[in-house]
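Chemist: Numbering (UniProt numbering), first residue to last: 1 to 901.
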């Protein structure tokens, strides 16, 4: 403990509570205007080289500080003369759609000098995305490559090409502008310097407003923590302007009090590891920011070149010290850094530093860092820490109640301090920037927190990244973390996988599929089947992904994997995408070998139905020997398959279908009547495996655990409430209900005859004789919603006398059950609820289902009548809040009624 705290103190990091890390407190001028730092440098270093840019086949362009400053001043006056009004946030915003080059740098500097914020527009972005950004941010001017660029309505007269603007501003004064000449007329470091739109890979892009003082805090920390060396004369700008890392790449060299020259690297070179390495080596670049995928590509190329004498000598012809020997600081950001990649770096280089930076656009790119200099820094198992906070920053790990978690425990990461953005354009999603009510570290600059949506934990005084709150999905009722699946694949030895991403296709729907997109090395002999077979030894069956081999991994302009493109291509399964996926997934195929001629018609209907239900999730051929779940099926689409077969007049018990080891058995169990009716069940067969016991006091601990686990892990309504309902609330509610449940004698438990273990519980009440409990926790929100949903139905559509409506209130199964057993137990409980209703003389059973599986079972298996189908994201609480706003449109709450015959 003593050594750890000493190490933290050297970095200026102070752990103030169990899971709170506080960075050094450094005085910052909040009234800073970044362009004034550039003007200061121009006075001190007028002839110093500021920007160098060279395109392939064209002469290089070099500008010193005086030249760049003069051009920017003229452009600034041209911008002021042509600018339109402020936007809805009161900001003057100038949109920029220009390729990397000296003209881009001059334009950005001019925008600051004019008193505006620059808004990058991706040159290669789809038109609809550009239009969304323009419509929302409402720039006062758009500067493009050509006046014909389709980024805005030309009738507005606010679109100019840089060439036009330069020619029309050449006669204007080249002297520095005074504050009163600018669009805003005064100095204000809290005014946005740039507005950067998030990638939008999972939704509608949002514009982040980053003030001058926020950028300065990030730059000042970098200058102090990773100072420039005396031999570091040139730095590179290679990151897309739409990515927040570009801010520090451009401005850290130019605004430092001992400035460096900024070399602009064209995109074509960035995409070519050989040319990029040559430029970095030739110009003795000492630091580089890159995403892990680019680091992997560089290391892969270096590994090849070391075995190729011609390439090696070509790169090293002017330097006997070795390739990239000057590149002392490598910074990875944007995506998690795999341990295997860090080890590969250390095997390739010695004496260099690899840093893992963590952050997002909303917190100026980086708020924590971890430096790796040797293998001893890789001492956290399969994770690399995201480290400790930067200057004037505090990191909090909070639980569902907003309290700090204990050290080593999982919590959601919140960030407070000088790196926080002002918010989003048009004040979208204000709930992500919250008031800091934590009892620790309350001081100037810590009044607000940003909710990152990331999980983490503090171990030995450093922060470990544990995945996104939205990276956790449910598969057959089990929670699966996509990052854990990805880690399991990364850890496969000699897999030959070069690039990888794990995604969930249509989570919560019948078509849901867990997908692992992989790019194999050229010399890899592995197949997707090999990978899947090896994963069976490390992953539970429900977490097994469908592995898809693709030629190349698509990337967004900011260097991150383009997940939406992958999912869209997977969905379309078009001819173009078929060339990328593995042979087994190119086309759904059926094999009728072994099917008796008398059963051929049944087999065709079964195989065609399975093929249509599984669709692109189908992993292999459909044959009599194939198993539904092995092919990619799950509990939900198993019920959907049975339902579709019933539509065709074929019937099979749910238990028969889900427990069948292969389709040959399913074919033998199917029966045809030619009529559409509810699916069949086999009550006697289930009774041989399970037994029911009415609720007794001895069952209390088991029942509370089963129900609490089931709802905490699998609940669909609570999943959309932020922060998450804590586990303790489920147990508290059940404690309050327990005596009433015993007294009414309508509830029961299910026991496995084989293991004698309690594996299910069904809690029921007389709908007109339910207990009143006093409860004010977060679950009361759910109770209020259900009352809103159910009260009109009970009033207008159901019997009015006590003893007539059996309310199927809560039903849960052991969280460790596999998919077929889970469906069996639910089916058995539904049958027994019906028996309880009959025995006690109820007219019918009323229930509200929010889970897609139980909704399918209710409608297609047990014959419930749907009285109300409600889209939960439409719900507004009495005080005007949309608590389920983030839920998708297909998340439903369905009220059902079944008459007891």
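We put the beta carbon where it would ideally sit given N, CA and C, even for glycine.
Can we say the segment 548-565 touches the segment 512-529, given the rule of at least three CB pairs closer than 8 Å?
Modeler: The segment 548-565 is in contact with the segment 512-529.
Chemist: Mind checking residue 773: buried by the 16 CB within 10 Å criterion, or exposed?
Modeler: With fewer than 16 Cβ atoms within 10 Å of its Cβ, residue 773 is classed as exposed.
Chemist: Just how far apart, CA to CA, sit residue 390 and residue 455?
Modeler: Cα to Cα, residue 390 sits roughly 19 Å from residue 455.
Chemist: If you run the structure through DSSP and keep just helix, strand and coil, what is residue 499?
Modeler: Strand, per DSSP.
Chemist: Would DSSP call residue 638 helix, strand or coil?
Modeler: Helix.
Chemist: Quick one: is residue 295 buried, meaning 16 or more other Cβ sit within 10 Å of its Cβ, or exposed?
Modeler: Result: buried.
Chemist: Quick check: the segment 772-791 against the segment 811-823, are there 3 or more CB pairs under 8 Å?
Modeler: No, because fewer than three Cβ pairs between the segment 772-791 and the segment 811-823 fall closer than 8 Å, the two stretches do not touch.
Chemist: Within 10 Å of its beta-carbon, does residue 102 have 16 or more other beta-carbons around it, so buried, or fewer, so exposed?
Modeler: It is buried - the Cβ of residue 102 has at least 16 other Cβ atoms within 10 Å.
Chemist: Which class does residue 795 belong to by DSSP, given the choice of helix, strand or coil?
Modeler: Residue state, collapsed to three classes: helix.
Chemist: Could you check how far apart the C-beta atoms of residue 213 and residue 287 are, in whole angstroms? I think they sit under 8 Å.
Modeler: 24 Å between Cβ atoms; not a contact.
Chemist: Please report the Cβ distance between residue 595 and residue 641, rounded to the nearest whole angstrom; I am assuming they are in contact, meaning their Cβ atoms lie under 8 Å.
Modeler: About 18 Å; that fails the 8 Å criterion.
Chemist: Under a CB-based cut-off of 9 Å, is residue 255 close to chain D?
Modeler: Protein chain content of the structure displayed is limited to a single chain, and chain D is not contained in it.
Chemist: Closest to residue 176 by CA distance: which of 132, 142, 77 is it?
Modeler: Among 132, 142, 77, the Cα nearest to that of residue 176 is on 77.
Chemist: Would residue 406 be called buried (16 or more neighbouring beta carbons within 10 Å of its own) or exposed?
Modeler: Flag for residue 406 reads exposed.
Chemist: Apart from the five residues on each side of it in sequence, which residues of its chain come closer than 6 Å, Cβ to Cβ, to residue 361?
Modeler: Result list for residue 361: 196, 198, 208, 244, in chain order.
Chemist: Report yes if the CB atom of residue 695 is closer than 9 Å to the CB atom of residue 742, and no otherwise.
Modeler: It is a contact, given that the beta carbons lie within the stated cut-off.
Chemist: Measuring from the CB of residue 53, is there a heavy atom of the ligand PLP at a distance below 8 Å?
Modeler: As far as ligands go, the structure on display features none, and thus does not contain the ligand PLP.
Chemist: Along the chain, which unbroken stretches of the beta strand (DSSP E) at least 3 residues long are found entirely within the segment 89-129?
Modeler: Runs found: 93-97, 117-120.
Chemist: Count Cβ pairs between the segment 664-671 and the segment 712-730 that sit closer than 8 Å; are there 3 or more?
Modeler: Flag = no, the segment 664-671 and the segment 712-730 do not touch.
Chemist: Pick from 116, 690, 869, 889: whose alpha carbon is nearest that of residue 897?
Modeler: Selected option, being the one with the closest Cα: 869.
Chemist: Leaving out five residues on either side along the sequence, give the residues of the same chain with a beta carbon under 8 Å from the beta carbon of residue 575.
Modeler: Confidence at residue 575 is low in this model, with a pLDDT of 33, below 50, so the placement of that residue should be treated as unreliable; the coordinate-derived value is given next. Within the same chain, residue 575 has no close Cβ partners at all.
Chemist: Should residue 90 be labelled buried (16 or more other beta-carbon atoms within 10 Å of its own) or exposed?
Modeler: Exposed, since its Cβ has fewer than 16 Cβ neighbours within 10 Å.
Chemist: To the nearest angstrom, report how far apart residue 298 and residue 568 are at their CA atoms.
Modeler: Straight-line Cα distance between these residues: approximately 29 Å.
Chemist: Out of curiosity, what's the CA-to-CA distance linking residue 111 and residue 104?
Modeler: Distance between the alpha carbons of residue 111 and residue 104 is about 11 Å.
Chemist: Quick one: what's residue 938 bridged to in DSSP?
Modeler: Residue 938 lies beyond the residue range present for the chain, which begins at 1 and ends at 901; the question has no answer from this structure.
Chemist: Would residue 830 pass as a contact of residue 690 if the rule is Cβ separation under 9 Å?
Modeler: Going by C-beta atoms, residue 830 is not nearer than 9 Å to residue 690.
Chemist: Since I believe residue 499 is in contact with residue 934 (beta carbons under 8 Å), could you give me their beta-carbon distance rounded to a whole number of angstroms?
Modeler: Nothing in the structure corresponds to residue 934, since the chain is present only between 1 and 901.
Chemist: When you compare the CB positions of residue 358 and residue 225, do they come within less than 9 Å of one another, or not?
Modeler: No, the Cβ-Cβ distance between residue 358 and residue 225 is not below 9 Å.
Chemist: In the DSSP assignment, find the unbroken beta strand (DSSP E) run with residue 217 in it and report its ends.
Modeler: It is not in any beta strand (DSSP E) - residue 217 instead sits in the alpha helix (DSSP H) that spans 212-225.
Chemist: Taking C-beta to C-beta, are residue 422 and residue 210 nearer than 9 Å?
Modeler: Going by C-beta atoms, residue 422 is nearer than 9 Å to residue 210.
Chemist: If you measure between the beta carbons of residue 190 and residue 184, is that distance less than 9 Å?
Modeler: Contact flag unset, no.
Chemist: Once you ignore the five residues that flank residue 373 on each side, which residues in its own chain have a CB closer than 7 Å to its CB?
Modeler: Counting only Cβ-Cβ distances below 7 Å, and skipping sequence neighbours, we find 353.
Chemist: What does the alpha-carbon distance come out to for the pair residue 782 and residue 848?
Modeler: Taking the straight line from one Cα to the other gives about 12 Å.
Chemist: On the CB-based measure, 16 or more other CB atoms within 10 Å of its CB, does residue 892 come out buried or exposed?
Modeler: Its Cβ being crowded by 16 or more others within 10 Å, residue 892 is buried.
Chemist: Would you mind sorting residue 787 into buried or exposed? The rule is 16 or more other CB atoms within 10 Å of its CB.
Modeler: Burial call: exposed.
Chemist: Which partner residues of residue 228 appear in the DSSP bridge assignment?
Modeler: The partner list for residue 228 (beta bridge, DSSP) is empty, contrary to what the question assumes.
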